[in-house]
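What follows is a single structure, written as structure tokens, with notes after it.
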Amino acid sequence: MLSIHNFVITRSILTCDRSSASCQKIVKLHFGMEIATLSSMPTPLETSAARLPALDGLRGVAILGVLFSKAQLTPGFPSEFHLRWGHIVGSASVDLFFVVSGYLITMLLLAEKDRTRQISLGAFYWRRALRIIPAFLALLTALWLLDGHSDVEMRHIDWLSAATYTVNFIPESSWDAGHLWSLSIEEHFYLLWPLMVVLLSESQLRKLLVALIVGTLLLRGVVLATQPQEASILEVWTIFRWDTIAAGCWLALGLRHEATRTRLMNFAVSPWALPATITVLIVSLGLNLSNKLGLTIGYSLTAIAWAALILLALQRSSSLPGGYSRHQSLEIKGLWIRVLQSRFLVTIGILSYSLYLWHRLFLRAETSQSWLHFPVNLACLTLAAVACHWLIERPFLLLKNSWKSQPTTEQTLPWGSSAPVDGLV
């Protein structure tokens, strides 16, 4: 009963006018402090931490979903663990990557704008290039060396589309380049979204994102209704997937808008937030079993569910004042946050880019190589990803602040935690 009472009191403080006499009285009575003291304390997403381990953990969940969807196709994978709908798990996991990317990139851009009153597009693209291209070129080099040998077969169109980040527009890519469609979509996002953040106000950006989310859903519906034979492009063409990344961008902007932030936090501290989020996610995955529903509203619901889970992960993992997250479901919610922040998931999340780049080279449905059978192939993939991360990714990331001699390697995010500008996505 005491936890429910505290939940009601702290929710009242979240929604009240802190300058009002009634709010002052509540704070003084229940927490023994003046409103000025409470105002100086961090709000639920303004705690200090060296990293955002919960988001690293979510990226770990995403890459494990992708790896499972492909590993179950490989020789030697236990048949009792095979899922007929494993491809849906893989697709939803890629969507989680999209939402996390939209959220983090938007927060970092806005943090730079807050700190310097401007955004250096040159520095942003330089950091993105160092983050993405070296490891990507390492993969292409390996494919070039193996092409025509072992099981690797790359066509001219595969090389061209990979080099130009247009794999998502190629109808039938080779196995080894096919997964690069998602990286192509993210690159298109990295190219265009910073320009919008520079040119538009935050209010205009929020309206643009709502228009993108609704418009993309409607556009997929129109294409499916008028040209059902083109349904395959709805999953991979950039213009049909804006809503997934936009959901993460909107969350970042919503947390900076006072009224929207209050509504989001009211949702986040409620005892039904996590069950509701999981329910929406399950429903969206179920819709994906239906081609028509999955290709239209299914993608949108999945994006909304992932955005809600990001919000809950941030809120639940914060050291909150006044018991903001302490209510009757604390034990359950504490468990899933501890799992997200576990060393295993955080480490996998940090390795996720390298794991994603290299996974198709090792996880093959048909292979003439015995060492590409499960679980040896998974062990080889892990070794390749670790080597790529430490020998290629990290050394190049050390150069990320060399653009015009930038003086610092960190930016302070709006909730108070310092995190590397790159290496998160």
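Okay, so the sequence shown: first residue is 1 according to the UniProt record's numbering, each after it adds one. Glycine residues also receive a C-beta, built at the ideal position from the N, C-alpha and C atoms.
Here L234 really is in contact with L224; their C-beta atoms are around 7 Å apart, less than 8 Å.
In the DSSP assignment, T164 falls outside any alpha helix (DSSP H) and carries neither an H nor an E. Assignment of H188 by DSSP, reduced to helix, strand and coil, places it in the helix class. Rounded to whole angstroms, the gap between the alpha carbons of I310 and P171 is 33 Å. The beta strand (DSSP E) runs of length 3 or more contained entirely in the segment 64–142 do not exist; there are none. In the DSSP annotation of this structure, the continuous segment of the alpha helix (DSSP H) that includes P395 starts and ends at 394–397. Taking a contact to require three or more Cβ pairs closer than 8 Å, the segment 343–352 and the segment 382–394 qualify as touching. Cβ neighbours of K113 within its own chain (closer than 6 Å, five residues either side excluded): I119. The criterion of a C-beta distance shorter than 9 Å is not satisfied by S101 and I63.
Minimum Cα-Cα distance from S150 among the listed residues F124, W371, K292, A252 corresponds to W371.
Just measuring C-alpha positions, the residue of Y299, P53, A246 sitting nearest L287 is Y299. Within a 10 Å sphere around the beta-carbon of K70 sit 16 or more other beta-carbons, which makes this residue buried.
With a cut-off of 8 Å on Cβ pairs, the segment 134–153 is not in contact with the segment 208–216, counting fewer than three such pairs. Closest in C-alpha terms to R206, from the list L255, F396, A365, V61, comes L255. DSSP places G178 within a helical segment (H, G or I) once states are collapsed to three. In this structure, L357 keeps its C-beta atom at 9 Å or more from the C-beta atom of L130. Within the same chain, and ignoring the five residues on either side of C380 in sequence, the residues whose Cβ sits closer than 6 Å to its Cβ are F362. Residue nearest to P78 within the set K400, L96, H373, P395 is H373 (criterion: CA-CA distance).
Burial state of F98 is buried, judged by a 10 Å Cβ sphere holding 16 or more other Cβ atoms. Here I185 is buried, its C-beta having at least 16 other C-beta atoms within 10 Å. Per DSSP, L209 is one residue of the alpha helix (DSSP H) stretching across 202–226.
By the beta-carbon neighbour count (other beta carbons within 10 angstroms, threshold 16), H156 is exposed.
At the C-beta level, P194 and F124 come within 9 Å of one another.
From the listed residues S317, F344, T347, V346, the smallest Cα separation to L335 is found for S317.
With respect to A252, T106 sits close: the two C-beta atoms are nearer than 9 Å. Each residue's CA atom was taken as its position, placing F344 and I297 some 33 Å apart.
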